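*Asks:* Next up is a structure, given as structure tokens.
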Amino acid sequence: MGHSTKYTYDDKYNLIQTIDAKGNKSTATVNTQGNPTTITDAKGNKLTIEYNSLSKPITITDALNRTTTFSYDLLDNAISMTNAKGDTTSIEYDQLNRVVKTIDAIGNTIEYTYDEVGRILSLTDPVGNITSYSYDSYGRLKIETRPDGKTTSYSYNTDNLISSINRYNGKIVNFTYDKTNRLLSQSVNGDTISIVYDTKGLITQISNAVSTLSYTYDKNSRLISTYQNGIPITYTYDNDNNLNSYSFLNNTINYTRDALGLATNINNGVNEFGFSYDVNGVQSSSTLPNGITEDLTFNSVYELTNINSQTNNSTYSYDKIGLLTEKTLNTVSTSYTNDNIGRITQDGITSYAYDKSGNNQNNSAQYDTTTNQLISTNTHNFTYDDYGNISKKVNLSNNIKTLYSWNEREQLIKVEKQDDTNTTIKILEFTYDALNRRASKTINNVTQNYLYDGEDIIAILDDNNNPISIITHDESIDTPLSIQTNNESYFYQRDHQGSILNLTDSSKVKVEEYSYLNAYGTTQKISSQTTNNPYGYTGRELDEDDLYYYRARYYDPTTQRFLSQDPIGFNSGDFNFYRYVGNSPGNFTDPSG
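Okay, here's the thing in structure tokens:
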């Protein structure tokens with residue numbers, strides 16, 4: 015298409031101006047050291063940065079005049095950061111400039127120790143729980159020891175690739191590789207995922223016991239077709255390598271794009287969606303096929319302040335660091351209070367308190383302080399398996415039990431509800447494909463299968479793979495646009511976090527509405543028609559009142575926690591592996607779980 019972006023540099027080769035393919039201009043000024051001191055976007059919003067003599071930033075001031083301040087020690091290590099509210103996070107170092115302690119704004123500490131070559135030996139959380147690490151003679155991680163004393167061990171092949179992991183619950187994960195060190199298989203106690211590559215190293219097939227996924231590519235290595243259990247999906251692209259269309263089950267989704275590659279029109283053959291963007295490429299409005307137009311308003315740091323349409327009007331207010339303080343939806347207002355580390359402490363009339371591990375203390379909650387597992391509240395008792403997955407929840411008022419079963423990969427495969435006589439009253443069962451996406455859901459022997467484009471469900475199928483519903487999505491994750499069921503189309507409207515507020519029909523009538531009783535997503539369906547909509551809070555899949563599917567994990571909004579530990583552990587940035595988005599649900603989402 016020939017779209018181009020133009021860059022301008024000063025005589026010292028510092029970038030000072032960018033003009034995109036639509037003529038929108040952003041600029042920067044630089045100091046004598048070549049550091050940008052101001053950055054101004056195409057709308058004129060300015061970010062200002064001040065530096066010390068070693069070119070480290072000491073203040074960053076945004077377009078709302080909110081300043082974050084940094085300080086450094088004599089060796090130029092960052093030792094503190096103070097946000098615009100005056101909350102300070104501090105960092106301490108050892109003589110080798112390694113971080114040994116972080117202290118947040120309420121005094122919680124995380125401490126680190128290292129061996130003589132800088133490998134981490136231990137991590138201590140705010141309540142003193144220690145996770146320790148040991149290494150083999152080649153410097154490779156050998157054993158990880160949890161605070162409860164359980165260990166995970168690692169073995170390696172001659173190419174220093176992990177060959178096996180012996181998990182602390184006794185399950186063994188084995189890996190095999192080809193001659194070029196590409197992963198060929200991963201097996202957990204016999205549950206195997208296998209991978210096949212072409213000569214370019216592109217994956218052509220990935221399979222497990224549930225599914226076989228195959229892929230073909232064009233000469234530019236672009237995906238042009240995929241088969242999911244025999245169902246083909248084909249893709250086409252424009253000259254700028256943007257997705258132009260994809261087709262499946264006699265449906266084709268076409269995209270029209272502007273000079274920046276942003277979708278201005280999405281047409282699924284039945285319905286057409288229109289989109290407009292501001293000069294910074296942020297979506298400012300959308301038009302649904304039934305004529306409803308949604309206008310989005312942002313402040314100068316792109317915090318969403320208003321969503322307005324013919325059917326809904328919502329406004330949002332924020333504090334000095336961008337945390338939500340008030341939300342008004344169709345004249346109903348809710349105020350929020352956050353503590354000094356961003357955790358919600360007040361949600362309308364509901365207050366929240368937390369222990370040093372960040373566990374919610376509401377409802378007389380009791381926890382295992384070593385594992386952060388929720389043991390009981392004033393309404394329920396909880397039991398866990400040997401990998402920290404919830405295995406039973408018992409309602410103390412009526413003795414209704416919910417039993418949870420997990421596969422070798424620690425994926426939830428069955429939820430069984432029993433009454434007080436242990437008689438089964440409901441069963442949900444799940445399967446997963448080789449990409450760990452949920453492939454099917456069965457409720458009391460009625461099965462729905464799922465067809466995916468990437469992470470998005472594009473078709474819900476019956477047990478014979480006949481389509482029940484077709485779903486069209488925006489290009490942002492968890493942003494469904496419409497669902498077609500029984501030859502009728504229904505259109506989604508959502509709040510600032512992507513939580514579904516309602517679906518409207520072709521006459522702009524709300525046929526299905528949802529409300530959320532708190533910021534953590536306790537969900538109430540107000541009215542319902544047979545739309546077969548799977549989505550709710552933050553655009554994720556709602557299975558039961560106490561069960562949301564968040565891809566890698568399941569979330570219970572009634573306990574405000576995940577049912578299992580974060581599979582990436584400390585890499586999530588949190589030392590508590592169960593809590594939801596650091597107890598800041600009004601401000602963050604976790605689409606991957």
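All residue numbers for the sequence shown refer to the numbering used here, where the first residue is 15 and numbers rise by one.
Glycine residues also receive a C-beta, built at the ideal position from the N, C-alpha and C atoms.
Small disclaimer: the values here were computed from a predicted structure and weren't measured.
#1: So, S298 versus L310, is the Cβ gap smaller than 8 Å?
#2: Tell me the DSSP secondary structure of Y551 in three-state form.
#3: Please state if the CB of Y504 and the CB of I514 are separated by a distance shorter than 8 Å.
#4: Starting from the C-beta of Y128, find all residues in its chain whose C-beta is less than 7 Å away, skip the five residues before and the five after it, and write them out in chain order.
#5: Can you give the Cα-Cα distance for D489 and R271, rounded to whole angstroms?
#6: Using the C-alpha atoms, what's the distance from I267 back to Y182?
#7: For G596, name the three-state secondary structure that DSSP assigns.
#8: Measuring alpha carbon to alpha carbon, tell me which residue in D560, Y366 and S347 is nearest G356.
#9: On the DSSP bridge list, what partners appear for Y21?
#10: Identify the residues that DSSP records as bridge partners of A367: which are they?
#11: Taking C-alpha atoms, which residue in Y191, T545, S67 and S405 lies nearest to Q47?
#12: Could you spell out the range, first to last residue, of the beta strand (DSSP E) harbouring D399?
#13: Return the chain-ordered ranges of every beta strand (DSSP E) run that is complete within the segment 177–211 and spans a minimum of 3 residues.
#14: Which runs of the beta strand (DSSP E), 3 residues or longer, sit entirely within the segment 491–549?
#15: The beta strand (DSSP E) spanning Q360 covers which residue range?
#16: For D162, which of L561, D470, S411 and D382 has the nearest alpha-carbon?
#17: When you compare only the Cα positions, how much space is there between L198 and N188?
#18: Can the beta-carbon of A277 be found less than 8 Å from the beta-carbon of H17?
#19: Is there contact here, the segment 583–599 with the segment 366–378, by at least three beta-carbon pairs under 8 Å?
#20: What's the C-alpha gap between P71 and G58?
#21: Alpha carbon to alpha carbon, how far is I325 from Y549?
#22: Only counting the same chain, and skipping five residues up and downstream in sequence, which positions put a Cβ closer than 8 Å to that of K428?
#23: DSSP on S314, reduced to helix/strand/coil?
#24: Since L417 is in the beta strand (DSSP E), which residue starts that stretch and which ends it?
#25: Rounded to whole angstroms, what's the CA-CA distance from T96 to T102? Just pull it up for me.
#26: Should I482 and N546 be called a contact, given that it needs their Cβ atoms to be closer than 8 Å?
#27: Give the DSSP-derived three-state secondary structure of F262 in the structure shown.
#28: Pick out whichever of V224, A42, S228 and A223 has its Cα sitting closest to the Cα of L216.
#29: Within 10 Å of its beta-carbon, does G402 have 16 or more other beta-carbons around it, so buried, or fewer, so exposed?
#30: Specify, as a first and last residue, the run of the beta strand (DSSP E) that Q462 falls within.
#31: Would you kindly work out how many angstroms separate the C-alpha atoms of S606 and T194, rounded to a whole number?
#32: Using a 10 Å radius around the Cβ and a threshold of 16 neighbouring Cβ atoms, would you call S225 buried or exposed?
#33: At a cut of 8 Å, does the segment 551–561 reach the segment 384–398 through at least three beta carbon pairs?
*Replies:* According to the structure data:
#1: Along the sequence shown, read from residue 1 onward, the residue named residue 298 stands at position 284. Along the sequence shown, read from residue 1 onward, the residue named residue 310 stands at position 296. Yes.
#2: Within the sequence shown, residue 551 is the residue found at index 537, counting from 1. Helix at Y551.
#3: Reading the sequence shown from its first residue, position 500 is the one you call residue 514. Reading the sequence shown from its first residue, position 490 is the one you call residue 504. Cβ distance not < 8 Å, so I514 and Y504 don't count as in contact.
#4: On the sequence shown, position 114 is the one that residue 128 refers to. Once the five neighbours on either side are set aside, the close Cβ partners of Y128 are R112, I134 and L135.
#5: The residue labelled residue 489 in the question sits at position 475 within the sequence shown. The residue labelled residue 271 in the question sits at position 257 within the sequence shown. At residue 489 the sequence reads Glu, which differs from the Asp that was named. The alpha-carbon atoms of E489 and R271 are separated by roughly 12 Å.
#6: Start at 1 with the first residue of the sequence shown, and residue 182 comes out as number 168. Start at 1 with the first residue of the sequence shown, and residue 267 comes out as number 253. The alpha-carbon atoms of Y182 and I267 are separated by roughly 46 Å.
#7: In the sequence shown, counting from the first residue as 1, residue 596 sits at position 582. G596: helix per DSSP, three-state reduction.
#8: Here the question's residue 356 lines up with position 342 in the sequence shown. Considering only alpha carbons, the answer is Y366.
#9: The sequence position of residue 21 within the sequence shown is 7, counting from 1. Under DSSP, Y21 shares a beta bridge with T32.
#10: The count along the sequence shown starts at 1 and reaches residue 367 at position 353. According to DSSP, A367 bridges with nothing at all.
#11: On the sequence shown, position 33 is the one that residue 47 refers to. Answer by Cα proximity: S67.
#12: Position 385 of the sequence shown, counted from the first residue, corresponds to residue 399. Run containing D399: none; DSSP gives neither H nor E here.
#13: 186–191, 197–202 and 205–211
#14: 494–499, 502–508, 514–518, 524–530 and 537–541
#15: Start at 1 with the first residue of the sequence shown, and residue 360 comes out as number 346. I358 to D361 is the extent of the beta strand (DSSP E) around Q360.
#16: If you number the sequence shown from 1, residue 162 lands on position 148. Measuring from the Cα of D162, the nearest candidate turns out to be D382.
#17: Here residue 198 refers to the residue found at position 184 of the sequence shown. Here residue 188 refers to the residue found at position 174 of the sequence shown. Approximately 11 Å between the Cα atoms of the pair.
#18: Sequence index remark: in the sequence shown, residue 277 carries index 263 (1-based). Sequence index remark: in the sequence shown, residue 17 carries index 3 (1-based). Their beta carbons are not under 8 Å apart, which means A277 does not touch H17 by this criterion.
#19: A contact exists between the segment 583–599 and the segment 366–378.
#20: Walking along the sequence shown from the start, residue 71 turns up at place 57. Walking along the sequence shown from the start, residue 58 turns up at place 44. Taken atom to atom, the span from the alpha-carbon of P71 to that of G58 is near 22 Å.
#21: For the purposes of this step, residue 325 is taken as residue 311 along the sequence shown, with counting starting at 1. For the purposes of this step, residue 549 is taken as residue 535 along the sequence shown, with counting starting at 1. Sequence inspection shows Thr at residue 325; the Ile mentioned does not correspond to that position. The alpha-carbon of T325 is positioned some 19 Å away from that of Y549.
#22: On the sequence shown, position 414 is the one that residue 428 refers to. The residues are L417, Y418, S419, I441, L442, E443 and F444.
#23: Locating residue 314 in the sequence shown gives position 300, counting from the first residue. DSSP places S314 in coil when its eight states are reduced to three.
#24: Here residue 417 refers to the residue found at position 403 of the sequence shown. Residues K415 to W420.
#25: The residue labelled residue 96 in the question sits at position 82 within the sequence shown. The residue labelled residue 102 in the question sits at position 88 within the sequence shown. One C-alpha to the other measures close to 4 Å.
#26: Position 468 of the sequence shown holds residue 482. Position 532 of the sequence shown holds residue 546. Yes, these two residues count as a Cβ contact at 8 Å.
#27: Residue 262 sits at position 248 when you count from the first residue of the sequence shown. In the structure shown, F262 sits in a strand (DSSP, three-state: E or B).
#28: The count along the sequence shown starts at 1 and reaches residue 216 at position 202. If we check each option's Cα against that of L216, S228 comes out closest.
#29: Counting from one through the sequence shown, the residue named residue 402 turns up at place 388. Looking at its Cβ environment, which holds 16 or more other Cβ atoms inside 10 Å, G402 is buried.
#30: Position 448 of the sequence shown holds residue 462. Taken as a continuous stretch (DSSP letters only), the beta strand (DSSP E) holding Q462 covers V460 to D467.
#31: Start at 1 with the first residue of the sequence shown, and residue 606 comes out as number 592. Start at 1 with the first residue of the sequence shown, and residue 194 comes out as number 180. If you take the alpha carbons of S606 and T194, they lie about 30 Å apart.
#32: Numbered from its first residue, the sequence shown carries residue 225 at position 211. Its Cβ being crowded by 16 or more others within 10 Å, S225 is buried.
#33: By the Cβ criterion, the segment 551–561 is not in contact with the segment 384–398, since fewer than three pairs of Cβ atoms, one from each stretch, lie closer than 8 Å.
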